[in-house]
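These notes are about the structure you will find just below.
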Amino acid sequence: MSKLEPILAAGAPAAIGPYSHAVKLGGLLFTSGQIPLLPDGTLIEGGIVEQAQQVFRNLEAVLAAGGSSLQQVVKATVFLKDMNQFAAVNEVYASFFGDHKPARSAVEVARLPKDVLVEIELIASTSVE
Numbered sequence: 002m003s004k005l006e007p008i009l010a011a012g013a014p015a016a017i018g019p020y021s022h023a024v025k026l027g028g029l030l031f032t033s034g035q036i037p038l039l040p041d042g043t044l045i046e047g048g049i050v051e052q053a054q055q056v057f058r059n060l061e062a063v064l065a066a067g068g069s070s071l072q073q074v075v076k077a078t079v080f081l082k083d084m085n086q087f088a089a090v091n092e093v094y095a096s097f098f099g100d101h102k103p104a105r106s107a108v109e110v111a112r113l114p115k116d117v118l119v120e121i122e123l124i125a126s127t128s129v130e
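Under our numbering, the letters of the sequence shown match residues 2 to 130, in that order.
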């Protein structure tokens, strides 16, 4: 039976609640949603593009700490404060994933922690095949 392994990433901001950055189970890594905080916990300045870029930088740190990468992501869930910003987030998303196109859902929500504009969570493989 596989063991749950909590992951805490040194290069990502500390969790703002009682949760791990990610949890590894078998060959999969499940990240918590990342919001656009700098590693020191400061909210990044700027609009949706800057916020989405910081979210991906945080996710890269979490994935690396869990033995994975963006190229091993199998599913992404994007939470947006305003679906009118979908196209802008898509551009940032594509710039980080390149030709890799994991499954994805995008959901508009009423509010996100710290009133940010975007939050993203991922499921990634930790095995190389």
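Where a beta carbon is used, it is the ideal one built from N, C-alpha and C, also for glycine.
Who pairs with Ser-106 in a beta bridge, going by DSSP?
Thr-78
Identity of the residues DSSP links to Val-24 by a beta bridge
Pro-7 and Phe-31
Does the pairing of the stretch 119-128 with the stretch 69-83 give three or more beta-carbon distances under 8 Å?
yes
Taking the C-alpha atoms as reference points, what is the distance between Tyr-138 and Leu-9?
With the chain covering only 2 through 130, there is no way to say anything about residue 138.
Is the Cβ-Cβ distance between Pro-37 and Val-117 less than 7 Å?
yes
Which residue wins for smallest C-alpha separation from Ala-77, given the options Thr-43, Ser-21 and Val-119?
Val-119
C-alpha distance - Pro-114 paired with Ser-128, whole-angstrom precision
32 Å
For Ala-53, count neighbouring Cβ atoms within 10 angstroms of its own Cβ and tell me buried if that reaches 16, exposed if not.
buried
Look at the Cβ atom of Leu-26, then the Cβ atom of Ser-3, and state whether they are nearer than 7 Å.
yes
Taking the alpha carbon of Val-63 as the point to measure from, which residue in Leu-39, Thr-32, Val-79 and Gly-42 has its own alpha carbon closest?
Thr-32
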